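Q: In the numbering used here, the protein residues as written are 80 to 417. The beta carbon of each residue, even a glycine, is placed where N, CA and C say it ideally should be. What you are looking at is a predicted structure, and each value in this text was computed from that prediction instead of being measured. Dropping a structure here in structure tokens format, bear with me for questions.
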Amino acid sequence: MRDRLLQLEQAAIKEIGFVKGKEAVIEVKIKYLGRKGELASLTKELGKLPPEERPIIGELINTIRGRIEEKINSLLTGFIHAESEQRLKTEELDITLPGRYMSLGKRHPITQVMDEVIRIFSGMGFTVAEGPEVETDYYNFEALNIPKDHPARDMQDTFYISDDYLLRTHTSPVQIRVMQTQKPPLRVIAPGKVYRRDSDVTHTPMFHQVEGFMVDDSITFGDLKGVLTSFLHSLFREDISIRFRPSFFPFTEPSAEVDIQCVICNGTGCRVCKGSGWLEILGAGMIHPMVFKAVEYNAEKFSGFAFGLGIERIAMLKFGIDDIRLFFENDIRFLRQF
Ligand code: PHE
């Protein structure tokens with residue numbers, strides 16, 4: 080029995096000498112020390128021995144188990160250690176690497192100009208209203224004193240959805256919607272998208288307007304001039320020249336177009352202002368009595384002014400952009416510049 084035990088120890092130690100990895104060590108451990116392992120089966124034979132030998136052999140079994148266990152465990156720790164060393168090496172972190180650049184989003188240039196226009200008018204006590212982009216013929220034309228045969232209603236200019244429905248061609252219908260539901264005094268701006276069948280370097284089929292109007296019992300053309308002059312001065316430059324030119328809109332009387340001194344050439348004449356030194360920037364006028372009639376306001380009692388301006392045009396002038404289509408291509412290299 081003693082010899083068999085010593086042989087077993089030698090065999091185990093020899094085998095341990097050959098193993099090449101963690102898994103193999105575990106296999107050897109099970110083979111010799113496991114519950115059904117070789118040492119266990121020898122231990123079972125203990126009972127067949129004469130009683131006086133049992134403690135001696137028993138002790139030998141324990142010593143051998145201890146020795147094998149020690150070898151196996153130190154080998155195992157070695158493998159585990161080597162394994163983690165290897166992992167640390169391959170997963171090495173270079174803490175000196177620069178951090179990754181997170182690109183920040185920016186507001187679209189059109190939104191920036193829109194927000195700026197709203198900010199200036201809010202400062203003058205105007206509130207913001209909105210209306211639908213799909214409008215009826217009544218709100219877009221009829222109520223604004225644009226008769227059935229007016230050229231603005233032409234299929235060439237307007238996107239019709241049906242005989243009655245269309246994509247609004249301007250923000251002026253919001254005037255009607257607000258006046259129908261609210262009573263003067265009113266100071267309102269209405270920003271939003273508008274649609275026209277037009278497309279070239281200065282026109283896109285969708286663009287943005289801001290409508291503005293003010294109604295009370297004694298609003299004059301002087302108020303219109305004052306509000307718009309103050310607005311244009313804070314939007315462009317405090318010292319920019321402004322001029323009011325007579326014009327025509329069916330929903331205002333008298334009507335005016337407002338020009339600013341060319342911001343590109345400072346009024347000396349260039350390609351953008353076509354040599355005139357002036358840039359047309361908005362349309363305006365005193366609200367027509369027919370419009371008041373449509374919303375059932377007493378035109379004898381109330382007066383008001385209205386204006387409409389195109390956001391893209393202002394953005395082009397402010398940022399020096401010569402092709403309106405750039406705003407809607409959403410090329411990140413273009414948008415990043417603002
Ligand atoms: N609605 C006009 C346009 O789109 C602009 C305008 C608005 C003119 C209000 C006068 C008064 O061209």
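1. Would the beta-carbon of Gly-399 be found less than 6 Å away from any heavy atom of ligand 1?
2. Please identify the residue among Val-273, Lys-397, Tyr-217, Asp-194 whose C-alpha is closest to the C-alpha of Ser-241.
3. In whole angstroms, what is the alpha-carbon distance linking Phe-413 and Phe-381?
4. Assuming the contact rule is C-beta atoms closer than 8 Å, Phe-328 and Gly-356 should be a hit. Round their C-beta distance to whole Å, please.
5. Threshold first: 4 residues or longer. Then list the alpha helix (DSSP H) segments lying entirely within the segment 227-284, N to C.
6. Roughly how many angstroms separate the alpha carbons of Glu-410 and Asp-277, rounded to a whole number?
7. Please go through the same chain and pick out, in chain order, the residues whose beta-carbon is closer than 6 Å to the beta-carbon of Lys-108, but skip the five residues on each side of it.
8. Please report the straight-line C-alpha distance between Arg-275 and Gly-387, rounded to a whole angstrom.
9. Grab the span of the beta strand (DSSP E) containing Leu-388 for me, first residue to last.
10. Around the Cβ of Val-193, are there at least 16 other Cβ atoms within 10 angstroms (buried) or fewer (exposed)?
11. When DSSP builds the beta bridges, which residues end up paired with Gln-288?
12. I'd like to confirm something about Phe-328: is its beta-carbon nearer than 6 Å to some heavy atom of ligand 1, or not?
13. Consult DSSP for Gly-362 and reduce its assignment to one of helix, strand or coil.
14. Pair every Cβ in the segment 194-210 with every Cβ in the segment 225-245, then say whether three or more of these pairs are closer than 8 Å.
15. Would you call Tyr-180 buried or exposed, if buried means 16 or more other Cβ atoms sit within 10 Å of its Cβ?
16. According to DSSP, is Arg-350 helix, strand or coil?
17. Kindly give me the distance between the Cβ atoms of Ser-313 and Ile-189, rounded to whole angstroms, as I take these residues to be in contact under 8 Å.
18. Output the distance between the C-alpha atoms of Val-342 and Lys-353, rounded to the nearest integer angstrom.
19. Taking C-alpha atoms, which residue in Pro-368, Gly-383, Phe-398 lies nearest to Asn-224?
20. Where His-187 and Phe-310 are concerned, what is the direct C-alpha to C-alpha distance, given to the nearest angstrom?
21. Just to check my reading of the structure: Glu-209 and Ala-269 have Cβ atoms closer than 8 Å, yes? What is that Cβ distance to the nearest angstrom?
22. Rounded to a whole number of angstroms, what is the C-alpha to C-alpha distance between Leu-246 and Asn-219?
23. Is any non-hydrogen atom of ligand 1 found closer than 6 Å to the C-beta of Thr-206, if you look at the structure I gave you?
24. So, is Leu-85 buried or exposed, given that buried needs 16 or more other C-beta atoms within 10 angstroms?
25. Counting pairs of Cβ atoms below 8 Å between the segment 102-119 and the segment 143-162, do you hit three or more?
26. Less than 7 Å between the C-beta atoms of Ile-366 and Ala-394, yes or no?
27. Anyone know if the C-beta pair for Val-289 and Val-196 falls short of 7 Å?
28. If distances are taken between C-alpha atoms only, which option among Ile-319, Val-273, Lys-99, Ser-334 comes closest to Gly-301?
A: Let's see:
1. no
2. Looking at the Cα atoms, Tyr-217 is the closest of the given residues.
3. 47 Å
4. A Cβ-Cβ distance of about 25 Å is found for the pair Phe-328 and Gly-356, leaving them out of contact under the 8 Å criterion.
5. 252-260
6. A small correction: the amino acid at residue 410 is Asp; Glu does not occupy that position in the sequence shown. One C-alpha to the other measures close to 22 Å.
7. Hits under 6 Å: Ile-151.
8. 15 Å
9. DSSP places Leu-388 inside the beta strand (DSSP E), whose first and last residues are 382-389.
10. According to the sequence shown, residue 193 is Met rather than Val. Buried is the call here.
11. Gly-271, Gly-389
12. yes
13. strand
14. no
15. exposed
16. Residue state, collapsed to three classes: coil.
17. Ser-313 to Ile-189, Cβ: 19 Å. No contact.
18. 13 Å
19. Pro-368
20. 22 Å
21. In this structure Glu-209 touches Ala-269 by the C-beta definition: roughly 6 Å separates them, less than 8 Å.
22. 9 Å
23. no
24. Flag for Leu-85 reads exposed.
25. yes
26. no
27. yes
28. The shortest Cα separation from Gly-301 among Ile-319, Val-273, Lys-99, Ser-334 belongs to Ser-334.
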